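Novice: Residue numbers (my numbering), protein chains in the order written: chain A, 1 to 639; chain B, 1001 to 1092. Ideal Cβ positions, reconstructed from N, Cα and C, are used throughout, including at glycine. Treat the numbers as computed from the prediction; the structure is a model and nothing was measured. Sharing a structure, written as structure tokens. Questions coming.
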Amino acid sequence: MKFVLAGQPNSGKSTIFNAVAGYRSATANFPGSSVSYTISRALIQGREVDVVDLPGVYSLTSSDPVAGEGESYLLGGDYDLIIDVVDASRLGRSLELTLQLLELRRPMIVALNMLDEAERRGISIDVAGLQRELGVPVVGTIARRGKGLRELFRTALRHAHVGSPAPAKSLDREIEQALESVSSALQGAGVETGVPARFAASKLIEGDRHFSSRVFGWYPGLEATVAAAVSALERAHGWSADQIVSGGRHAVAHSIEERMSIHGSPSLGWREWLDRLLLGPWTGGPLMVAILAAMFWIVFGIGQRIEGPLVEVFDQASAMVIGRLEPGSLLATLVHGVLMGLAGGVAIVLPYLIPFLLGLAILEDTGYLPRLAYILDSLMHRIGLHGKSVLPLILGYGCSVPAIMSTRILESRRDRRITGALAAFIPCSARSVVIFGLVAAYLGPLWALLVYLLNLGVVVVLGSILSRRMRGRSPGLILEIPELSVPHARTLAAKTWLTMREFITIAWPLLVASSVVLGLLEWFHAHDDINAILSPLTVTTLGLPSAVGMTLIFGVLRKELTLVMLVQALGTADVGSAMTAAQLVTFTLFVVFYVPCVATLAVMAREMGWRDTAWIAGLTIVIATTIAFAGRLAFGLVA
Amino acid sequence: MMTLDTIDVRRQARVILIDGGHGVRSHLNTLGIHVGDWLTVVERAPFHGPVLVEVNGTRLAIGRGIASKVRVEVDGTVTSLEDTARANLAPS
Chain A
1 MKFVLAGQPN
11 SGKSTIFNAV
21 AGYRSATANF
31 PGSSVSYTIS
41 RALIQGREVD
51 VVDLPGVYSL
61 TSSDPVAGEG
71 ESYLLGGDYD
81 LIIDVVDASR
91 LGRSLELTLQ
101 LLELRRPMIV
111 ALNMLDEAER
121 RGISIDVAGL
131 QRELGVPVVG
141 TIARRGKGLR
151 ELFRTALRHA
161 HVGSPAPAKS
171 LDREIEQALE
181 SVSSALQGAG
191 VETGVPARFA
201 ASKLIEGDRH
211 FSSRVFGWYP
221 GLEATVAAAV
231 SALERAHGWS
241 ADQIVSGGRH
251 AVAHSIEERM
261 SIHGSPSLGW
271 REWLDRLLLG
281 PWTGGPLMVA
291 ILAAMFWIVF
301 GIGQRIEGPL
311 VEVFDQASAM
321 VIGRLEPGSL
331 LATLVHGVLM
341 GLAGGVAIVL
351 PYLIPFLLGL
361 AILEDTGYLP
371 RLAYILDSLM
381 HRIGLHGKSV
391 LPLILGYGCS
401 VPAIMSTRIL
411 ESRRDRRITG
421 ALAAFIPCSA
431 RSVVIFGLVA
441 AYLGPLWALL
451 VYLLNLGVVV
461 VLGSILSRRM
471 RGRSPGLILE
481 IPELSVPHAR
491 TLAAKTWLTM
501 REFITIAWPL
511 LVASSVVLGL
521 LEWFHAHDDI
531 NAILSPLTVT
541 TLGLPSAVGM
551 TLIFGVLRKE
561 LTLVMLVQAL
571 GTADVGSAMT
581 AAQLVTFTLF
591 VVFYVPCVAT
601 LAVMAREMGW
611 RDTAWIAGLT
621 IVIATTIAFA
631 GRLAFGLVA
Chain B
1001 MMTLDTIDVR
1011 RQARVILIDG
1021 GHGVRSHLNT
1031 LGIHVGDWLT
1041 VVERAPFHGP
1051 VLVEVNGTRL
1061 AIGRGIASKV
1071 RVEVDGTVTS
1081 LEDTARANLA
1091 PS
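Right, here's the structure in full:
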């Protein structure tokens, strides 16, 4: 048994999914937070059921690539029931998709979600009436608080067994005539599209490029039939056919909304008031700077307060353990490596990583990110992109992998390539750990801020160069701005844990193993050779101790490794005693800019191809060396 | 003819035609903006930034470039029907 959660972006599909599957699918308050589908097995009333969380689709006739993945699953996938998640506070628009889903003639139920938000907007909905109108079961839910979900899945199970698909709703007379003539032509020709003929007909009339080219490729004779139906429709209405069909659905959906809901007076209160400030022409920009700066100071403040004592404890503990072993023995080297790997994870990475991820989760869940896209749109136009590119770039501060994947929300290939390249340059949380752990901790937070600003400057310059060189169109910003919402502590914790778990299960063992490998290399004196090979870069150009050479190689595996390996290579967690301020800055600059980690390279290759990936990787090395060298010179002048 | 990017904040306007290609049109359609819909301009970002509009209970940020392709009427403006029909049927 397999259920598919389908619905428009930001309607709460992933929230419902997580409620039955455990927190597996990242949720956030912006449209397009899920870019690929997640499947999980859940136990519902003692039955094992596969639940699929699809990326949101506004309609089944859109052309952007994120929607494409959800759409093709809905059209051709093998599943038993659709759970159409409808945002009750935007009933009319959500029903436009529901009408299209009904056309698929698959068993379906409706989850009328976000009833609390609808209530706040003064909307009350006649659930029983809506159920009669649509001909499929409708269950009211508030997924964020878990309300109605048990009933939803009970209904889903029952309906998947006994329910039959409901008939599609009729649109106006001319559209029905056009649909009728095309679908009977399709049936007459014996066209096998895998979807009901009526739905196929509507896709052809609306001019779905992908669908048309497939059908007309096999049956060229049908092109004339469709063209005749389209021109009859356009003559009758005076608009283009795609607008007539979509307008027809719009009219039916809104007539259902009008009959089934009562609009009272909304009580938006502080949300509206806050939004006026956050998006106000003269307050939006300054508030944005204040919010991001506050986040920076809080992350740094918390991290620093925890890091100091932890490093001390670990240094003492490791000194004690090492003291009992024979100095210089193989065993001592191994134990030392393990300890340093553990220390790097606990004492340096975690203190900054946890508050950082929490802060990012808060930005995501409040719905502030799409507002940033609105505020920064005109600035992004200066570098040849538009506001939507802000989302992947901000996500890049968390981790480059989801950031590059989220470039799929952009409509044009050109924008996706440029934004993907830029996202690789944004310091991810691992690189932020290096900035915080070295520059902020030893030189002060202002210097760290300077590193971030310098990075942003490089991204802006690079962006304008890339967008000037790359041809193609950038369609401009069209983005839904969801209502502000108060993040739930449980969701924040679950979301932070989702990323933390990845760190603990994948990165940390890698840290310890690499630390041991480095220890062994030192024991066999092999590290000198590798460091010597890199010394033209590290020592001659950047003026760093030759021991850092190895750390940069390990850093390609995971960027946190550079910091932990540095601790290991220098033999102390108090890096400030072994490196000068200028060296710390130069090293950090290089780490921030050079080659993204292997996971990022892999996802870049998947999304953008190996050629682009190789180009970007090469570019990062050139830029990293230049910036770090310039930083070394500049620091020499200042200090 | 007036376009969406020139409408004052807090004014209501009615969409009379969307003057873009198939892609822009279907994108606006699926987000809830159709010909004939009333919308309210909630905010206009400075420095040639996007406009924030409210339509059918949803708020959308629309870049100036796209907004300039959405032709609208406010109370009292008159447009030739023939003009509208021709532009609506123009090949995308």
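Applying the 10 Å Cβ sphere with the 16-neighbour rule, what's the burial state of residue 378 of chain A?
Specialist: Locating residue 378 of chain A in the first sequence gives position 378, counting from the first residue. Buried, because 16 or more other Cβ atoms sit within 10 Å of the Cβ of residue 378 of chain A.
Novice: Report the start-end ranges of each alpha helix (DSSP H) in the segment 398 to 423 of chain A that is 4 residues or longer and not cut off at the edges.
Specialist: Taking only runs of at least 4 residues, the alpha helix (DSSP H) segments lying wholly in the segment 398 to 423 of chain A are 400 to 405.
Novice: Where does the unbroken beta strand (DSSP E) through residue 2 of chain A begin, and where does it stop?
Specialist: Looking up residue 2 of chain A in the first sequence gives position 2. That run of the beta strand (DSSP E) goes 2 to 7.
Novice: Of all the options B/1074, B/1043, B/1021, B/1031, which has the alpha carbon lying nearest to the alpha carbon of residue 284 of chain A?
Specialist: Here the question's residue 284 of chain A lines up with position 284 in the first sequence. Measuring from the Cα of residue 284 of chain A, the nearest candidate turns out to be B/1043.
Novice: If the cut-off is 7 Å on Cβ atoms, which residues from the segment 73 to 96 of chain A count as contacting chain B, listed in chain order?
Specialist: Of all residues in the segment 73 to 96 of chain A, 89, 90, 92, 93 have a Cβ within less than 7 Å of some Cβ in chain B.
Novice: Within a Cβ cutoff of 7 Å, which residues of the same chain sit near residue 250 of chain A, ignoring the five residues on either side of it in sequence?
Specialist: For the purposes of this step, residue 250 of chain A is taken as the residue at position 250 of the first sequence. These residues qualify, in order along the chain: 96.
Novice: Here's a check: name, in chain order, each residue in its chain whose Cβ is nearer than 7 Å to the Cβ of residue 153 of chain A, leaving out the five neighbours to either side.
Specialist: Walking along the first sequence from the start, residue 153 of chain A turns up at place 153. Excluding residues within five positions, the ones whose Cβ falls inside 7 Å are 20, 44.
Novice: Going along chain A in order, which residues have a C-beta closer than 8 Å to the C-beta of residue 1044 of chain B?
Specialist: Position 44 of the second sequence holds residue 1044 of chain B. Those are 281, listed as they occur along chain A.
Novice: Pick out whichever of A/11, A/61, A/47, A/5 has its Cα sitting closest to the Cα of residue 38 of chain A.
Specialist: As a first step, residue 38 of chain A must be located in the first sequence, where it is residue number 38. If we check each option's Cα against that of residue 38 of chain A, A/5 comes out closest.
Novice: Considering only their Cβ atoms, is the gap separating residue 111 of chain A from residue 76 of chain A smaller than 9 Å?
Specialist: In the first sequence, the residue the question calls residue 76 of chain A occupies position 76. In the first sequence, the residue the question calls residue 111 of chain A occupies position 111. No, they are not a contact pair.
Novice: From the beta carbon of residue 1008 of chain B, is the nearest beta carbon of chain A less than 9 Å away?
Specialist: For the purposes of this step, residue 1008 of chain B is taken as residue 8 along the second sequence, with counting starting at 1. Not one chain A Cβ lies under 9 Å of residue 1008 of chain B.
Novice: Compute the distance between the beta-carbons of residue 616 of chain A and residue 458 of chain A, then report whether it is under 9 Å.
Specialist: Translated into positions along the first sequence, residue 616 of chain A becomes position 616. Translated into positions along the first sequence, residue 458 of chain A becomes position 458. No.
Novice: Assuming residue 516 of chain A and residue 334 of chain A make a contact with CB atoms under 8 Å, what is their CB distance in whole Å?
Specialist: To locate residue 516 of chain A, count along the first sequence from 1; it is residue 516. To locate residue 334 of chain A, count along the first sequence from 1; it is residue 334. About 6 Å separates the two Cβ atoms, so the contact holds.
Novice: For residue 495 of chain A, which three-state DSSP category applies?
Specialist: As a position in the first sequence, residue 495 of chain A is number 495, starting the count at 1. Correct three-state label for residue 495 of chain A: helix.
Novice: Hey, could you find the ends of the beta strand (DSSP E) residue 1059 of chain B is sitting in?
Specialist: Sequence index remark: in the second sequence, residue 1059 of chain B carries index 59 (1-based). Unbroken beta strand (DSSP E) run through residue 1059 of chain B: 1058 to 1062.
Novice: Rounded to a whole number of angstroms, what is the C-alpha to C-alpha distance between residue 389 of chain A and residue 80 of chain A?
Specialist: Along the first sequence, one-based indexing puts residue 389 of chain A at 389. Along the first sequence, one-based indexing puts residue 80 of chain A at 80. Approximately 37 Å, taken between the alpha carbons.
Novice: Applying the criterion that 16 or more other CB atoms from any shown protein chain within 10 Å of the CB defines a buried residue, is residue 568 of chain A buried or exposed?
Specialist: Locating residue 568 of chain A in the first sequence gives position 568, where the first residue counts as 1. Buried: at least 16 other Cβ atoms inside 10 Å.
Novice: Taking the beta carbon of residue 327 of chain A as the centre, do at least 16 other beta carbons fall within 10 Å, making it buried, or is it exposed?
Specialist: Locating residue 327 of chain A in the first sequence gives position 327, counting from the first residue. Exposed, since its Cβ has fewer than 16 Cβ neighbours within 10 Å.
Novice: Please identify the residue among A/625, A/72, A/230 whose C-alpha is closest to the C-alpha of residue 54 of chain A.
Specialist: If you number the first sequence from 1, residue 54 of chain A lands on position 54. Cα-wise, what sits closest to residue 54 of chain A is A/72.
Novice: In terms of alpha-carbon separation, which member of A/164, A/599, A/41 lies closest to residue 405 of chain A?
Specialist: Locating residue 405 of chain A in the first sequence gives position 405, where the first residue counts as 1. Here the closest residue by C-alpha is A/599.
Novice: Measure from the C-beta of residue 1019 of chain B to each C-beta in chain A and report whether the shortest distance is under 9 Å.
Specialist: Within the second sequence, numbered from 1, the residue matching residue 1019 of chain B stands at position 19. No, its Cβ sits nowhere closer than 9 Å to a Cβ of chain A.
Novice: Whole angstroms are fine: how far does the CA of residue 60 of chain A sit from the CA of residue 2 of chain A?
Specialist: As a working note, residue 2 of chain A is residue 2 in the first sequence. As a working note, residue 60 of chain A is residue 60 in the first sequence. Their backbone Cα atoms lie some 21 Å apart in a straight line.
Novice: For residue 411 of chain A, is the beta carbon positioned less than 8 Å from some heavy atom of the ligand ATP?
Specialist: With respect to the ligand ATP, the structure offers nothing, as it holds no ligand at all.
Novice: Measure the Cβ-Cβ separation of residue 1067 of chain B and residue 1040 of chain B and say whether it is below 9 Å.
Specialist: As a working note, residue 1067 of chain B is residue 67 in the second sequence. As a working note, residue 1040 of chain B is residue 40 in the second sequence. Contact flag unset, no.
Novice: Can you confirm whether the segment 480 to 495 of chain A touches the segment 302 to 313 of chain A when touching is taken to mean that 3 or more C-beta pairs between the two stretches lie within less than 8 Å?
Specialist: Verdict: no, contact absent.
Novice: Are any of the Cβ atoms in chain B nearer than 9 Å to that of residue 397 of chain A?
Specialist: Numbered from its first residue, the first sequence carries residue 397 of chain A at position 397. Closer than 9 Å: no.
Novice: Of all the CB atoms in chain B, is at least one closer than 9 Å to the CB of residue 355 of chain A?
Specialist: Translated into the one-based positions of the first sequence, residue 355 of chain A becomes position 355. Cβ-Cβ to chain B under 9 Å: no for residue 355 of chain A.
Novice: Under 9 Å Cβ-Cβ, which residues of chain B neighbour residue 179 of chain A?
Specialist: Reading the first sequence from its first residue, position 179 is the one you call residue 179 of chain A. Per Cβ cutoff of 9 Å: no residues; residue 179 of chain A is ~18 Å from chain B at best.
Novice: Let me know if residue 1092 of chain B comes out buried or exposed under the rule of 16 or more other beta-carbons within 10 Å of its beta-carbon.
Specialist: Residue numbering aside, residue 1092 of chain B sits at position 92 when the second sequence is read from its first letter. Legend: pLDDT at residue 1092 of chain B = 42, less than 50; position of this residue unreliable, no value from coordinates given.
Novice: Thinking residue 51 of chain A and residue 17 of chain A are a contact (beta carbons under 8 Å), I'd like their distance in whole angstroms, please.
Specialist: Against the first sequence, residue 51 of chain A aligns to sequence position 51. Against the first sequence, residue 17 of chain A aligns to sequence position 17. With 8 Å as the limit, residue 51 of chain A and residue 17 of chain A qualify as a contact, their Cβ atoms being about 6 Å apart.
Novice: Is DSSP giving residue 13 of chain A helix, strand or coil here?
Specialist: On the first sequence, residue 13 of chain A is found 13 positions in, with the first residue counted as 1. Helix, per DSSP.
Novice: Measuring only between beta-carbons, confirm whether residue 121 of chain A sits less than 9 Å from chain B.
Specialist: In the first sequence, counting from the first residue as 1, residue 121 of chain A sits at position 121. Chain B contact via Cβ: present.
Novice: Would you mind telling me which residues of chain B sit closer than 8 Å to residue 377 of chain A, beta carbon to beta carbon, in chain order?
Specialist: For the purposes of this step, residue 377 of chain A is taken as residue 377 along the first sequence, with counting starting at 1. Neighbours of residue 377 of chain A on chain B, chain order: 1045, 1049, 1050, 1061, 1063.
Novice: What do you reckon, are the CB atoms on residue 93 of chain A and residue 177 of chain A nearer than 9 Å?
Specialist: In the first sequence, the residue the question calls residue 93 of chain A occupies position 93. In the first sequence, the residue the question calls residue 177 of chain A occupies position 177. No, they are not a contact pair.
Novice: Output, in chain order, the set of chain A residues within a Cβ distance shorter than 7 Å of residue 1058 of chain B.
Specialist: Taking the second sequence and counting its residues from 1, the one referred to as residue 1058 of chain B is at position 58. Within chain A, the residues near residue 1058 of chain B are 90, 93, 480.
Novice: Just list the alpha helix (DSSP H) runs in the segment 134 to 174 of chain A, keeping only unbroken ones of 4 residues or longer that don't cross its boundaries, in chain order.
Specialist: Counting whole runs of 4 or more residues, the segment 134 to 174 of chain A contains the alpha helix (DSSP H) stretches 149 to 162.
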